[in-house]
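Report on the structure given below.
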Amino acid sequence: MTVTAPRALVSGASIAGLSTAFWLGRAGWDVQVVERFGAFRDGGQNIDVRGAAREVLDRMGLAEAVRRQSTTEEGTSVLDGAGRVIARFPVEDPDGPTAELEILRGDLARVILDQLPDRVCVRYGEQIETVRDEGSHVEVTLRSGAVAQYDLLIIAEGVRSRTRDLVFGSAVSRRELGLTMAYGTIPRTADDDRWWRWYSAPGGRQITLRPDNRGTARATLAFTSREQNLADLPLDQARAELRRTFQDAGWQADRVVAGFESFDDVYVDHLTQIRLTSWSKGRICVTGDAAWCVTPLGGGGTSLAMVGAYVLAAYLSRAQFAELGAALARYEAWMRPLIEDAQKLPPGTPGLFYPRSEVGVRVLRLAARIGSLGVLRKLTSRIGHVARAGQALPSMNIEQNVR
Ligand SMILES: Cc1cc2nc3c(=O)[nH]c(=O)nc-3n(C[C@H](O)[C@H](O)[C@H](O)COP(=O)(O)OP(=O)(O)OC[C@H]3O[C@@H](n4cnc5c(N)ncnc54)[C@H](O)[C@@H]3O)c2cc1C
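Counted from 1, the sequence shown has number 86 at position 102 by this note's numbering; the numbering is strictly sequential.
Written out as structure tokens, the structure reads:
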């Protein structure tokens, strides 16, 4: 007797969607991935693989490939007003401020894409128009006009997911954190080192510079703001706003602003946590930032996306068809504590870490200096401890002979 493989549609082909497709394919599912963009999205800056995601990466067999594409960052340093280093946090803890596994987002996505099992198919320039859960299957109409049926729809469309909003409606709650971050590539100069350099300026502004493995440098401009949402603006307008906001910020502000104007891969995020009381509804579920965006303030968004993908597929791999709901509930029960931990921010965030006054900036620098000394450095480095599970990863039923 031949048993037909279960079929899943994954919407979104970034870290969460590709990782889910990777594992479901390994578990013997037929997987269709649709991505709104017309081609593979190579963009994005330095991200890291932390906590339980390191174990997931090992199980994927991709740890070596990630190491080979390391951004080669040696640690994190905090600068004073003149750009001199006042505190250093070298890589000495795999989950410290600079993690052991640092890679560009696009490189990580490519590493996973290249190893997708044969039963996964990715279609670019396609997206979901309508969804109907028929009980026995989900029926989806795509923008191209195609209509198809699946056993499960997995939404992995990131923080601003349209399909999630369509399916979960008012159950989606957003918590805007009042912080905008713009990430971009800039030309490297001879005095750039291999450290992640942090510089704070009054007015709730911060500039960081990081090395990469491409002969360029990666920069972030971050500032506190409740009113402005640059993420919704066309890139030219967002760049003009960044120029205005950082015009008197000092250090390398002018260089970064000019650099952002010469590259097109500027990614602007108005930090927003996503909360949902349930991550599934019938035969539809959400994962990654679409389900629980923790933002860079919570940290580890990429690691949580990888762990979530593994845990979801692991429970699905062990479920009979009638037990789909139970598998989705177990995925949620396993992931919730990690997400709640990452979404819990210290009181005073982001203001405390992005002070508006000159005095506040001095206090922050002093705290970084003290935190980098002797045994305190180990404690400060624990800020990076996210995506750490107090439980073992569930086992996965891998289909034999799957490539
Ligand atoms: C181009 C890009 C650059 C990024 N750069 C950074 C960075 O520099 N620093 C950082 O901390 N984080 C960055 N991120 C976010 C980071 O990847 C995520 O926070 C984290 O990895 C979780 O990933 P995710 O797959 O859940 O969401 P995302 O990485 O946001 O991926 C969502 C995917 O879904 C696709 N999509 C959206 N809507 C639809 C739709 N309706 N139909 C089909 N597909 C859809 C998007 O095009 C995207 O490929 C970036 C994301 C992207 C897409």
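All residues carry an ideal CB built from backbone N, CA and C; glycine is no exception.
Assignment of Y251 by DSSP, reduced to helix, strand and coil, places it in the strand class. C-alpha of T125 to C-alpha of I112: approximately 6 Å in a straight line.
A317: member of the alpha helix (DSSP H) spanning 308 to 327, first to last residue.
Secondary structure of W179 (DSSP, three-state): strand. With a cut-off of 7 Å, the C-beta of V18 is classified as near ligand 1, since at least one heavy atom of the ligand falls inside that distance. P334 and R302 have their C-alpha atoms some 41 Å from each other. F244 has its CB no nearer than 7 Å to any heavy atom of ligand 1. Closest by C-alpha distance to D98, out of T208, A(-3), L255, is A(-3). The region 258 to 266 makes no contact with the region 223 to 234; the number of CB pairs closer than 8 Å stays below 3. Look at the beta carbons and you see the region 261 to 272 not touching the region 230 to 248: under three pairs across the two are nearer than 8 Å. Residue pairing by DSSP places S264 opposite C269 in a beta bridge. In the assembly as shown, D26 is an exposed residue. Its beta-carbon has fewer than 16 other beta-carbons within 10 Å. Taking a cut-off of 8 Å on C-beta distances, the region 276 to 285 does not touch the region 58 to 66, as fewer than three cross pairs fall below it. Per the coordinates, the alpha-carbon of V(-6) lies some 15 Å from the alpha-carbon of V131.
Taking non-hydrogen atoms of ligand 1 into account, the C-beta of P81 is found less than 7 Å away from none of them. Distance from the CA of P81 to the CA of P321, rounded to the nearest whole angstrom, comes to 22 Å.
When C-beta atoms of the region 1 to 15 are compared with those of the region 288 to 306, three or more pairs fall below 8 Å, so the two segments count as touching.
Look at R239: its beta carbon is at least 7 Å from all of the heavy atoms in ligand 1. Excluding residues up to 5 positions away in sequence, I354 lie with their Cβ nearer than 8 Å to the Cβ of L360 in the same chain. Between R89 and G28, the CB-CB gap stays under 8 Å. When secondary structure is reduced to three states using DSSP, F73 falls in the strand class. The region -11 to 75 contains, as complete beta strand (DSSP E) runs of 3+ residues, the segments -9 to -5, 14 to 19, 30 to 32, 59 to 63, 69 to 74 (chain order). For T286, the uninterrupted alpha helix (DSSP H) segment begins and ends at 285 to 302. A straight-line Cα-Cα distance of about 15 Å links M380 and L308. If the five residues before and after R94 are omitted, its C-beta is found closer than 8 Å to the C-beta atoms of F24, D26, all from its own chain and listed in chain order. Nearest to E225 by alpha-carbon distance, out of W180, T164, R103, is T164. Annotation: the continuous beta strand (DSSP E) that includes P171 extends over 157 to 171. Remark: C-beta atoms of G292 and A0 approach each other more closely than 8 Å. T279: member of the alpha helix (DSSP H) spanning 279 to 282, first to last residue. Within the model, the alpha-carbon separation for V122 versus T286 is close to 28 Å.
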